[in-house]
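The sequence shown runs 66 to 160 under my numbering.
Glycine residues also receive a C-beta, built at the ideal position from the N, C-alpha and C atoms.
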Amino acid sequence: WGCFVGPLVIWLMKKDTMPLVDDQGKEALNFNITVAGIGLALLALGVVTLGIGMIIAIPVGIIVGLAWLVFTIIAGIKANEGVAYRYPFALRLIK
């Protein structure tokens, strides 16, 4: 749950005073919710198939984890530059 806490706290504290933080906080939360959902789906695949699905779930999970790391670093760099960043495969759940 750690990936939600940081963006959520910063977004809640600064969303009303800083438009970029409002936008990027929602982006970060949406992205982390999306990645967590993918992780839960992969875990469910492994459980439902009594472990056989882990043949697919583990490599896909590694790819998703690496993508999370890369996109989070890119977003941090862009935010530091004052530029809005859109995560490539984030569901827009928080508007």
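Neighbour-count burial assignment, residue i, 16 or more Cβ in a 10 Å radius
i      : result
Ala155 : buried
Pro72  : buried
Ala149 : exposed
Nearest residue (CA-CA) to residue i, options the options
i      : options                           : result
Val100 : Lys160, Val135, Gly141 and Val129 : Val129
Leu86  : Pro153, Ala140 and Leu158         : It is worth fixing the name first, because residue 86 is Val in this sequence and not Leu. Closest by alpha carbon: Ala140.
Pro124 : Gly104, Asp81 and Ile138          : Gly104
Alpha helix (DSSP H) segment containing residue i, residue limits
i      : result
Asp57  : Residue 57 cannot be examined here, being either before or after the span of the chain that is shown, 66 to 160.
Lys143 : Met119 to Asn145
Can you confirm whether the segment 84 to 97 touches the segment 106 to 120 when touching is taken to mean that 3 or more C-beta pairs between the two stretches lie within less than 8 Å? Because the criterion of three Cβ pairs below 8 Å is not met, the segment 106 to 120 and the segment 84 to 97 do not touch.
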